[in-house]
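J.: If you read the sequence shown in this note's numbering, its first letter stands for residue 117, the second for the next number, and so on. Note that the Cβ used here is the ideal one computed from N, Cα and C, for glycine as well.
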Amino acid sequence: MNLKRSFVTLGFACAAVLPGAAPAAVLSGTGADARYATDAYPGFDSEESIVKPSKKEPKFFAFINGPKKDNPADQLEWARRCEAEGSWRAARKAYDSLVREWPSSPEAVKAQKAYADLLLNHDLDYEAAFNEYRYLLDFYSLDCDYGAIAATMYKVAELMREEGKTIMFFRFSNTVDVRRAYEALVLRAPGASFAPQAMLTIASMREDEEKYTEAVQVYENLRSLHPGTREAAEALHREGAVRMKLLEMHGYNRERVRDTMSFLRQSLRGRMEDAVRADFEGWLDETVEMEAEEAWKAAKFYDSRTRTRRSAINAFERFLKDYPASRHADEARARVESLKEGVQQ
Numbered sequence: 117m118n119l120k121r122s123f124v125t126l127g128f129a130c131a132a133v134l135p136g137a138a139p140a141a142v143l144s145g146t147g148a149d150a151r152y153a154t155d156a157y158p159g160f161d162s163e164e165s166i167v168k169p170s171k172k173e174p175k176f177f178a179f180i181n182g183p184k185k186d187n188p189a190d191q192l193e194w195a196r197r198c199e200a201e202g203s204w205r206a207a208r209k210a211y212d213s214l215v216r217e218w219p220s221s222p223e224a225v226k227a228q229k230a231y232a233d234l235l236l237n238h239d240l241d242y243e244a245a246f247n248e249y250r251y252l253l254d255f256y257s258l259d260c261d262y263g264a265i266a267a268t269m270y271k272v273a274e275l276m277r278e279e280g281k282t283i284m285f286f287r288f289s290n291t292v293d294v295r296r297a298y299e300a301l302v303l304r305a306p307g308a309s310f311a312p313q314a315m316l317t318i319a320s321m322r323e324d325e326e327k328y329t330e331a332v333q334v335y336e337n338l339r340s341l342h343p344g345t346r347e348a349a350e351a352l353h354r355e356g357a358v359r360m361k362l363l364e365m366h367g368y369n370r371e372r373v374r375d376t377m378s379f380l381r382q383s384l385r386g387r388m389e390d391a392v393r394a395d396f397e398g399w400l401d402e403t404v405e406m407e408a409e410e411a412w413k414a415a416k417f418y419d420s421r422t423r424t425r426r427s428a429i430n431a432f433e434r435f436l437k438d439y440p441a442s443r444h445a446d447e448a449r450a451r452v453e454s455l456k457e458g459v460q461q
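#1: Tell me, please, whether the region 255–271 touches the region 225–241 by the rule of three or more beta-carbon pairs shorter than 8 Å.
#2: I need the straight-line Cα distance from PHE255 to ALA391, nearest angstrom please.
#3: Looking at VAL334 and ALA357, is the spacing between their C-beta atoms short of 8 Å?
#4: Would you please state the rounded distance, in angstroms, between the beta carbons of TYR242 and ASP212? I believe it to be under 8 Å.
#5: By the three-class DSSP mapping on this structure, what secondary structure does ASN337 have?
#6: Comparing alpha-carbon positions, which option in VAL272, ARG381, MET365, PRO312 lies nearest GLU347?
#7: Of the choices SER203, LYS184, ALA244, whose alpha-carbon is the least far from that of ARG216?
#8: Just tell me which of HIS353, MET406, GLU364 has its CA closest to the CA of LEU380.
#9: Quick check: the Cα distance between ALA156 and CYS198, rounded to an integer number of angstroms?
#10: Where LYS437 and GLU299 are concerned, what is the direct C-alpha to C-alpha distance, given to the nearest angstrom?
#11: In terms of alpha-carbon separation, which member of ARG277, ARG370, GLU325, GLN228 lies closest to VAL404?
#12: Please classify MET365: is it buried, with 16 or more other beta-carbons within 10 angstroms of its beta-carbon, or exposed?
#13: Relative to the C-alpha of ARG158, which candidate in ALA224, VAL294, ASN290, VAL302 has its C-alpha closest?
#14: Going by Cα to Cα distance, which pick from LEU384, LYS229, ASP190 is closest to ARG208?
#15: Determine whether the beta carbon atoms of ALA273 and VAL294 lie at a separation below 8 Å.
#16: By DSSP, does ARG443 sit in helix, in strand, or in coil?
In structure tokens:
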């Protein structure tokens, strides 16, 4: 059986994963348009560069760190009793030790979720909670409510982004770890309703990191995967702004300028709000002027004592043909007339 094509009906599909195996893909649907988490997501950190959760093993000193009961059913009951009594530390320890000692039991799935829920709702440790929910998806995807867990993870990622990380009573944005949380979630639930917004967030955080090329890649991929959506329209606008920022940062680069011009012209052929269209038209004017400035410099190069009059006339006429609206157009026309009259200025 192909694990990537085994389904359960949970709003979006969940593929089977055996304990210890890599997470199988979540599908956005069946048929030719189905997207797998194994597909390329340009602009994301590679999964190989991120520390993946390893399968939990029993801890050392089992008489202290191990389960208090002799079987998973009794251990789960004990953990729930500790939680009901407000013994939070004991409850966390009891849930975690159950998963470690009896990972293949039905109770392990319930304990893992309860452990993550406790970290989220009582401890307010969003990063730890996200990691435990991720463990649930990676190792128990067929046995859990995949759609509900993924939706919870998205809410947790939002909280992580809002709250940041506290170190010595000071909060830090912790951008990279939070971005990677969103990326991990999109890879595991690419067909979820929140995936387009999550990708917008990832691209925005790439901008915060000043990784503008990666931001453009995420915006492009978002538009490709979710065409016609509100998020795709927003991604197009943001992508235009980032592309212009790259031009400003790196100075004139003929290939980059022409690629940006092509992107802007193609975008203007589609539907967009008037304010957005005005931005794109302004950006296009800027890029055309950038290219015109370089063409003007090239034309001036031919207007020298070491060049023939004919080569200079040809250069200026070519410039006027390509850039008739340039701010140098009047000067170019006057120079052509002077050269044709045989007057050197």
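T.: So, from the data block:
#1: yes
#2: 47 Å
#3: no
#4: TYR242 to ASP212, Cβ: 18 Å. No contact.
#5: helix
#6: PRO312
#7: LYS184
#8: HIS353
#9: 44 Å
#10: 48 Å
#11: ARG370
#12: exposed
#13: Going by the sequence as given, residue 158 is Pro instead of Arg. The shortest C-alpha separation from PRO158 is found at VAL302.
#14: LYS229
#15: yes
#16: coil
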